[in-house]
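Asks:
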Amino acid sequence: MTVAQAGTHSSPPAPRDASEMLLLRDITKTFPGVVANDRVTLDVRRGEVHALLGENGAGKTTLMNVLYGIYPPDAGEIWVRGTRARIRSPRDAIALGIGMVPQHFLLVRRHTVAENIALGLPGESFVFPVRGIGARIEELGARYGLAVDPGARIFELSPSEQQRVEILKALIRGARILVLDEPTSVLTPQETRGLFDVLRRMKQDGHAVIFISHKLDEVMAIADRVTVLRKGRVVATQALAGTDKRALARLMVGRDIEFRLPKTSPHTTGEGLLIEDLVVLNDRGLPALRGLSLAVRRGEIVGIAGVAGNGQRELVEAVTGLRRATRGRIRVLDHEITNRSARAVFEAGVAHVPEDRLRMGIVPSLSVAENLVLKTYRQPPFSRGPIIDRTAIDRFARRMIAEYEIVTPGPQTPARLLSGGNIQKLILSRELSARPSVIVAAHPTSGLDVSATEQIHTLLLRRRQDGTAILLVSEDLDEVLALSDRIAVLFSGEIIGVLDEATADRERIGLMMMGQRG
Amino acid sequence: MPEWLLTTVSRAVAVSTPLLWAALGEIYAERTGVVNLGVEGMMILGAFFAFAVAQTSGNPVLGLSAAAVVGGTAALLHAFVAVTLRANQYVSGLALAMLGLGLSGVLGRGYEGTPLVNTLPEISGLTYLGFALAVLLWFVLYHTRAGIVIRSTGESPAAADALGVNVYLVRYLAVVFGGLLAGVAGGFLSVAYRPSWTEGMTAGLGWIAIAIAIFSAWDPLRAVWGALLFGALFHLSFRLQALVAPEALRMLPFAFTILVLAVTARGRRGQGVPEALGLPYTSGEK
Amino acid sequence: MRRLGPFLIEPALVPTGAWTLGVSVAAVVAALIAAAGLFWAFGLNPLTAYATIFAGTLADRRAAPEIFRQAIPLLLCGVGLVLAFRARFWNIGAEGQLLAGAAGATGVALFAPLPDPLVLPAMFLAGALAGALWGLLPTLLRMKLDVNEVISTLMMNYIALFFVDWLVHGPWKGPTAFGFAYTDTFRDAAWLPLLPGTRVHWPTLLLGLALAAALAFFLARTRLGFEIRVEGENPTAARYAGIDPLRTVIAAMLISAGAAGLAGVGEVAGIHHRLLFPTQVSLGYGYAAIIVAWLARGSPLASVLTALFLGLIFSAGDTMKVTLQMPFRVTDVFNGLILFFLIGSERLLRYRVRWAPARAGQPAAEVTAGGD
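Protein chains in written order, with numbering that gives the first Met the number 0: chain Z, 0 to 517; chain R, 0 to 285; chain A, 0 to 371.
(1) With 16 other CB atoms within 10 Å as the buried threshold, where does residue 2 (chain R) fall?
(2) Let me know the secondary structure DSSP gives residue 18 (chain A) once reduced to three states.
(3) Identify which residue in Z:464, Z:46, Z:110 has its Cα closest to the Cα of residue 271 (chain R).
(4) Beta-carbon within less than 6 Å of residue 282 (chain R)'s beta-carbon, same chain only, minus the 5 sequence neighbours each way: which residues are those?
(5) Report yes or no: do three or more beta-carbon pairs, one from the segment 319-331 of chain Z and one from the segment 490-504 of chain Z, lie closer than 8 Å?
(6) Does chain R have any CB closer than 8 Å to the CB of residue 342 (chain A)?
(7) Evaluate residue 217 (chain R) with the Cβ neighbour count: other Cβ atoms within 10 Å of its Cβ, from every protein chain shown; 16 or more gives buried, anything less gives exposed.
(8) Can the beta-carbon of residue 59 (chain R) be found closer than 8 Å to that of residue 188 (chain R)?
(9) Using a C-beta to C-beta distance shorter than 7 Å, which residues of chain A count as neighbours of residue 108 (chain R)?
(10) Please classify residue 32 (chain A): is it buried, with 16 or more other beta-carbons within 10 angstroms of its beta-carbon, or exposed?
(11) Whole-angstrom Cβ separation of residue 200 (chain A) and residue 265 (chain A), contact assumed at under 8 Å?
(12) Anyone know if the C-beta pair for residue 302 (chain A) and residue 22 (chain A) falls short of 8 Å?
(13) Who are residue 437 (chain Z)'s beta bridge partners in DSSP?
(14) Which whole-angstrom value is the C-beta distance of residue 489 (chain Z) and residue 305 (chain Z), which I expect to be below 8 Å?
(15) Scan the segment 36-64 of chain R for residues whose Cβ lies nearer than 7 Å to a Cβ of chain Z and list them as they occur along the chain.
(16) Answer yes or no: does any C-beta atom of chain A fall closer than 8 Å to that of residue 31 (chain Z)?
(17) I need the straight-line Cα distance from residue 271 (chain A) to residue 244 (chain R), nearest angstrom please.
(18) So the beta strand (DSSP E) residue 56 (chain R) belongs to, where does it begin and stop?
(19) Cβ of residue 123 (chain Z) less than 8 Å from any chain R Cβ?
(20) With 8 Å set as the bound, which would you pick, yes or no: does the beta-carbon of residue 277 (chain R) sit closer than that to a beta-carbon of chain Z?
(21) Run through DSSP, which three-state label would residue 538 (chain Z) get?
(22) Using a Cβ-Cβ cutoff of 9 Å, what residues of the segment 236-247 of chain A are near chain Z? List them in chain order.
(23) CA-CA distance, residue 521 (chain Z) and residue 232 (chain A)?
(24) Which residues of chain R have a Cβ atom closer than 8 Å to the Cβ of residue 89 (chain Z), listed in chain order?
(25) Does residue 154 (chain R) have its Cβ less than 8 Å from a Cβ in chain Z?
(26) Tell me, please, whether the CB atom of residue 104 (chain R) is closer than 8 Å to any CB atom in chain A?
(27) What residues in the segment 366-384 of chain Z bring their beta carbon closer than 8 Å to a beta carbon of chain B?
(28) To the nearest angstrom, how far is the alpha carbon of residue 420 (chain Z) from that of residue 455 (chain Z)?
(29) Are the Cβ atoms of residue 153 (chain R) and residue 25 (chain R) separated by less than 8 Å?
(30) How far does the alpha helix (DSSP H) with residue 233 (chain A) in it extend, from its first residue to its last?
(31) List, in chain order, every chain A residue whose beta-carbon is nearer than 7 Å to that of residue 345 (chain Z).
(32) Output the residue ranges of the beta strand (DSSP E) runs that lie fully inside the segment 95-144 of chain Z and measure 3 residues or longer, sorted by chain position.
(33) Could you give the C-beta distance for residue 32 (chain R) and residue 275 (chain R), rounded to a whole number, given that I count them as a contact under 8 Å?
(34) Curious, which full-length alpha helix (DSSP H) runs of at least 4 residues does the segment 241-319 of chain Z contain?
(35) State the DSSP-derived secondary structure class of residue 276 (chain R), mapped to helix, strand or coil.
(36) Going along chain A, which residues have a C-beta under 9 Å from residue 364 (chain Z)?
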């Protein structure tokens, strides 16, 4: 087991052996006010899956963007197959055989698979470039187990299929070093296993795979070696053999973390949220929810598990008054809220922690204080008649900042300057301060680090204790399993089964997520 | 075909020529994600320089070439401000429209009222070339590698960037190309359609060309129909002058533009719009 | 971070007021320097030209009030555009809304049998309503059908132009106008009072100043103002917060277009005392007001200063026409250049410059260079 401490390199960077495909040496990258990478060194060998482990914000994605030529590093060297490389743009990276599968896919949604793969691909004929590409897609797909219809449009594909397109894009360009950034976050457990099969085949072909993750189980399952990043620094590089989850977790977070949340058994006290036979259309006018029924009792958390795009967004929007239902009804504590306005739904006691924090949850250029009253500015004491009382808002904001430990220079700071975790705390404090009887939380911890995640989870569990009905929608199956009392699996706009926390297991949920009834 | 019908059709096609050229240019710029509201300014600059060069040299084709160069140069200014400096594309285009109208008005004072000796016919190679160009640009857009690059740059510049496409270069080229076409469109007015120079002679055609780009859903072939429709409408507003006050008739194309935009927008909300239209792109922005 | 001599250029999260002002002034100065090329092309020494302009505007006691006179419509249109832009509605139609206001006021002045003291108030009311109505259609089309408002408001400008043209050539053509295309002169009660010895119709000026103050308060301290800001900054969040986008944007646009309508009233009741050819009613104030609003960077109060600045440009345009014999479009060149330099310079607002001389022995080049 070799443990390399960051910043201790002083030897000349000659490749240590012929199997070394890639060496990033002492990479430093700073952004205004943040050192994202601090003298990071990473070496990756032929035929290995090398995990880059670290929690959100540790600098993993930044490092890979440096490798892919998206950011110029402030300092450091990149060696590819024993040669010093200068990577100034993705074009350089592609030429060196580096491929990237980003966490948020970079696909042209309205174009076909073939068009996405042909984009900027040298060697195809100038006219009718997609004609020849179908065969190559199928050939590569067969070799690695990446079946996808070349003529399909991206928006018609599931996240797993879109990921295959991203991998194919890289392979067809001759990638020998493939970077996958949090590739399992959108997959079911079964799909994850399928991806791992693909990665193993690539490994056997002599590819090097960099597997970026913050999920310990997956790293244990697929990686040969792991480099752990914490706060922009490498804390360890070691073989997976001979280590365990707990040790990795300690390296990643710097302390022991609880794998189980301290959760008491639920005290449910009657119906909180009741959804009956709900039909909702998506943006293209097609049914996204097809007669969905679900009940959330007061004092329990019901988690929605499902592959992205099966109606999660439409469900959240329908319940929170942002999307019309064409059939069915929604009730909150005996109040009918079907097709009421977002404001009326909020005033009826439904809080909404939205999926897209920056685009929906806050107005980034307005102050923290103004964002804290985004939903209550019309009510006293914040408004008297048509006039807004700034003093009252400021006083309220100071209280919230203290109570929810929001880190901000002050209430008048523009909200966009806050960190992701603090923006989420701002949103939660606003939504929870209204004493809601129902909370709809969509992806409440996506992109947050471990301690912010813990804080958010604690806040939600405390509300559950107080008798609030909580509907949790998350792509992170671990989060759903950890928080929920019951788990409802959403597939193709229907709840195809509800499992008790005690009896739920990942395998079964995974199968249901792909449409097998429980 | 009766004489009057032939005249009507040929006049309508003549007016549609500059609309088509300018609209095709705007379609390409917008397909890469850059709105250029400066079409009116680029056209009027093209009209003036085409006239001035044609008059000085006696060669209207040379005038048109000058118009293309000037249109392209003006567009380059917009590209610099909108793409490199990532400023608001709408405002930059408006500034270009103001600047074009202003410069042509200032520089062109000495040329007002003098007729052009060597002119191009109203229905000229430019008209046919316009139709051919529309077909060619349609083909390039949908069936070539360049077309995939252009469309992807307008839909998702980040996706294009990640595959090594130089987003800035593609946008520059498309905007300048649009400027060339707008310049020629303006030049057509002053050396062929109405061979003379009058300050402000584009009279809103540039704005209508932008509207055509929108309601043709950024499709070069559909732009042909849009241009012909508005060509016919402009002609109609001359023909009806015996019946209705000319001032009232001149409102017609502009009112009709709003109507067409409203009708075609219905039920199609946002569809067909290049997704990154109007958004500055910064490589590697977090 | 980049080094420029002893200065350090670094990204700034929030630009300071002084830096914003400095960048704006620098942009305007740069535009004026670029415009010098135009004088040079005209065979004029740019320095002499600017000296002449200075002598003919700021330095001339009789000409100086013209700046204020021209600033009146610019202020009313500009402060309205500030509000529309804050709601992220690209109202390019102030020109047409101004003309609609002028036409509305003229209708009252010529045809409404009102007692004298009521004529002017009725004209302002009619002008504001006509302007607001002119702005309402593009607003509804954008909010209901997603029709691009830049194009539709521009089209409305052309329609207003030909509409007024038609009015003065046809139905409203004055019997006593000797065949010219304008209406009869208004009766005395429809004339706005002027500051003695000037053409400054002060009631409209006061209206503009009051509107700027009122809108500053409105945006900062009222519920509707807050809603407009949220809607403009982040429409998705506005929907989430339960703000009705239709109501909010319509409110902003009615005020915006109504203000432009008031500007039209001021022009016909204060200056011309009749409706005439549209390009004589407005010298492009509605378009120039875009610069007033942009330069004011969202602040209604700042638009008072920026309107005065654009008033100076227009008044300088008059000097250039009369003294330097330049075509009237010269104002557009100045406006276009200023707008270009203004938006081009905005990128600088993302940075700040700090005085930080390199220490001895530390070469400046060693400081790392980076993008954003």
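The beta-carbon is built from N, C-alpha and C at its ideal position, and this holds for glycine as well.
Replies: Working from what's here:
(1) The residue you call residue 2 (chain R) lines up with position 3 of the second sequence. Counting Cβ neighbours within 10 Å, residue 2 (chain R) comes out exposed, since fewer than 16 surround it.
(2) Here residue 18 (chain A) is taken as the residue at index 19 of the third sequence, counted from 1. Residue 18 (chain A) falls in the helix class under three-state DSSP.
(3) To locate residue 271 (chain R), count along the second sequence from 1; it is residue 272. Its Cα nearest to that of residue 271 (chain R), the residue Z:110 stands out among Z:464, Z:46, Z:110.
(4) For this step, residue 282 (chain R) is matched to residue 283 along the second sequence. Here residue 282 (chain R) has 160 as same chain residues with Cβ atoms under 6 Å from its own Cβ, once five neighbours each way along the sequence are excluded.
(5) Counting C-beta pairs with one atom in each stretch, the segment 319-331 of chain Z and the segment 490-504 of chain Z have fewer than three that are closer than 8 Å, which means they do not touch.
(6) Here residue 342 (chain A) refers to the residue found at position 343 of the third sequence. When Cβ-Cβ separations below 8 Å define contact, residue 342 (chain A) makes contact with chain R.
(7) Translated into positions along the second sequence, residue 217 (chain R) becomes position 218. By the neighbour-count criterion, in which 16 or more other beta carbons inside 10 Å mark a residue as buried, residue 217 (chain R) falls on the buried side.
(8) To locate residue 59 (chain R), count along the second sequence from 1; it is residue 60. To locate residue 188 (chain R), count along the second sequence from 1; it is residue 189. No, these two residues do not count as a Cβ contact at 8 Å.
(9) Reading the second sequence from its first residue, position 109 is the one you call residue 108 (chain R). The answer, in chain order, is 326.
(10) Position 33 of the third sequence holds residue 32 (chain A). Counting Cβ neighbours within 10 Å, residue 32 (chain A) comes out exposed, since fewer than 16 surround it.
(11) Taking the first residue of the third sequence as position 1, residue 200 (chain A) is located at position 201. Taking the first residue of the third sequence as position 1, residue 265 (chain A) is located at position 266. Yes, they are in contact, since the Cβ atoms of residue 200 (chain A) and residue 265 (chain A) sit about 6 Å apart, within 8 Å.
(12) For the purposes of this step, residue 302 (chain A) is identified with residue 303 of the third sequence, where counting begins at 1. For the purposes of this step, residue 22 (chain A) is identified with residue 23 of the third sequence, where counting begins at 1. No.
(13) The sequence position of residue 437 (chain Z) within the first sequence is 438, counting from 1. Residue 437 (chain Z) is bridged to Z:349, Z:468.
(14) Taking the first sequence and counting its residues from 1, the one referred to as residue 489 (chain Z) is at position 490. Taking the first sequence and counting its residues from 1, the one referred to as residue 305 (chain Z) is at position 306. Residue 489 (chain Z) to residue 305 (chain Z), Cβ: 4 Å. Contact.
(15) So nothing in the stretch comes that close.
(16) By one-based count along the first sequence, residue 31 (chain Z) stands at place 32. With 8 Å as the cut-off, residue 31 (chain Z) counts as an interface residue toward chain A.
(17) As a first step, residue 271 (chain A) must be located in the third sequence, where it is residue number 272. As a first step, residue 244 (chain R) must be located in the second sequence, where it is residue number 245. Computed Cα separation, rounded: 25 Å.
(18) For the purposes of this step, residue 56 (chain R) is identified with residue 57 of the second sequence, where counting begins at 1. From DSSP, residue 56 (chain R) is part of no beta strand (DSSP E) but of the alpha helix (DSSP H) over 38-56.
(19) On the first sequence, residue 123 (chain Z) is found 124 positions in, with the first residue counted as 1. Taking Cβ atoms only, chain R reaches closer than 8 Å to residue 123 (chain Z), which makes this a yes.
(20) Taking the second sequence and counting its residues from 1, the one referred to as residue 277 (chain R) is at position 278. No, because no Cβ of chain Z sits closer than 8 Å to the Cβ of residue 277 (chain R).
(21) Any answer about residue 538 (chain Z) is impossible in this case: the structure gives chain Z only from 0 up to 517.
(22) Those residues of the segment 236-247 of chain A that come within reach of chain Z (Cβ to Cβ, closer than 9 Å) are 236, 237, 238, 239, 240, 241, 242, 243.
(23) Outside the modelled stretch of chain Z, which goes from 0 to 517, sits residue 521 (chain Z), for which no answer is possible.
(24) The residue labelled residue 89 (chain Z) in the question sits at position 90 within the first sequence. By Cβ distance, chain R contributes 160, 161, 162, 163.
(25) In the second sequence, the residue the question calls residue 154 (chain R) occupies position 155. So yes, residue 154 (chain R) belongs to the interface.
(26) Reading the second sequence from its first residue, position 105 is the one you call residue 104 (chain R). Output row for residue 104 (chain R): interface = yes.
(27) Structure shown: chain B not included; protein chains present are Z, R and A.
(28) What you label residue 420 (chain Z) is simply residue 421 of the first sequence in a count that begins at 1. What you label residue 455 (chain Z) is simply residue 456 of the first sequence in a count that begins at 1. Straight-line measurement puts the Cα of residue 455 (chain Z) at about 9 Å from the Cα of residue 420 (chain Z).
(29) Locating residue 153 (chain R) in the second sequence gives position 154, where the first residue counts as 1. Locating residue 25 (chain R) in the second sequence gives position 26, where the first residue counts as 1. No Cβ-Cβ contact shorter than 8 Å links residue 153 (chain R) with residue 25 (chain R).
(30) Counting from 1 along the third sequence, the entry for residue 233 (chain A) is found at position 234. Taken as a continuous stretch (DSSP letters only), residue 233 (chain A) belongs to no alpha helix (DSSP H), as it is neither H nor E.
(31) As a first step, residue 345 (chain Z) is located in the first sequence; it is residue number 346 there, counting from the start. What residue 345 (chain Z) touches in chain A: 241.
(32) List check, beta strand (DSSP E) in window: 97-100.
(33) Working through the second sequence from its first residue, we reach residue 32 (chain R) at position 33. Working through the second sequence from its first residue, we reach residue 275 (chain R) at position 276. With 8 Å as the limit, residue 32 (chain R) and residue 275 (chain R) qualify as a contact, their Cβ atoms being about 4 Å apart.
(34) Entirely contained in the segment 241-319 of chain Z, the alpha helix (DSSP H) runs reaching 4 residues are, in chain order, 244-252, 311-318.
(35) Walking along the second sequence from the start, residue 276 (chain R) turns up at place 277. If DSSP states are grouped into helix, strand and coil, residue 276 (chain R) belongs with coil.
(36) If you number the first sequence from 1, residue 364 (chain Z) lands on position 365. By Cβ distance, chain A contributes 228, 232, 233.
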